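Peer 1: The structure's right below; bear with me while I get my questions together.
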Amino acid sequence: MAVLRQDIRRNVESVEEVYVSDPSIYFSLEEILKKETRDGTSRKPGSYSKAVVWLARSICFSLEVLQRLEKGAELSLEQVVEEAYKSTLQPWHGWISSAAYR
1465 MAVLRQDIRR
1475 NVESVEEVYV
1485 SDPSIYFSLE
1495 EILKKETRDG
1505 TSRKPGSYSK
1515 AVVWLARSIC
1525 FSLEVLQRLE
1535 KGAELSLEQV
1545 VEEAYKSTLQ
1555 PWHGWISSAA
1565 YR
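Heads up: the sequence shown begins at 1465 in our numbering, then just goes up one per residue.
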């Protein structure tokens, strides 16, 4: 879970960075994404667009963990996290990233 926290923190800081650069222009995520689309940088490594995508994926993972815990299944926390990871983040991670989450 430490890796997930690091990823979330890094992605939030990335989005905050562009907002702070000019809050009058970048007052919303939508405006940040539009700027990158116009500049042709939205798909480049380190883009704010990618940070937003990974934030959304991390939120989906967290939600999946909470929903599985709420169901009260007879699974351990480790099993719940593993199943949530497989259904949300694993499809987007390579094998090296997958190993880091274990």
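Just so you know, even glycine gets a beta-carbon here, dropped at the ideal spot from N, CA and C. Computed from a predicted structure; not experimentally measured.
State the start and end residues of the unbroken alpha helix (DSSP H) segment that holds GLN1531.
Peer 2: Per DSSP, GLN1531 belongs to the alpha helix (DSSP H) from 1512–1535.
Peer 1: So which of GLU1500, ILE1523, CYS1524, GLN1531 has the shortest CA-CA distance to TYR1483?
Peer 2: When only C-alpha atoms are compared, the closest one is GLU1500.
Peer 1: Relative to the C-alpha of GLY1510, which candidate in GLN1554, GLU1547, VAL1476 has its C-alpha closest?
Peer 2: Measuring from the Cα of GLY1510, the nearest candidate turns out to be VAL1476.
Peer 1: Which of the three DSSP states is assigned to LYS1499 in this structure?
Peer 2: Helix.
Peer 1: For ALA1515, which residues of its own chain have a beta-carbon under 6 Å away from its beta-carbon, when the five flanking residues on both sides are left out?
Peer 2: Excluding residues within five positions, the ones whose Cβ falls inside 6 Å are ASN1475, SER1478, VAL1479.
Peer 1: Tell me which same chain residues have a C-beta within less than 6 Å of the C-beta of THR1579, skipping the five on either side of it?
Peer 2: Absent from the structure is residue 1579, since the part of the chain shown begins at 1465 and ends at 1566.
Peer 1: Output the distance between the C-alpha atoms of ASP1503 and SER1513, rounded to the nearest integer angstrom.
Peer 2: The straight-line gap from Cα to Cα measures roughly 12 Å.
Peer 1: Could you check the C-alpha separation between ILE1443 and TYR1549 for me, to the nearest Å?
Peer 2: There is simply no residue 1443 to check, as the chain begins at 1465 and stops at 1566 in what is shown.
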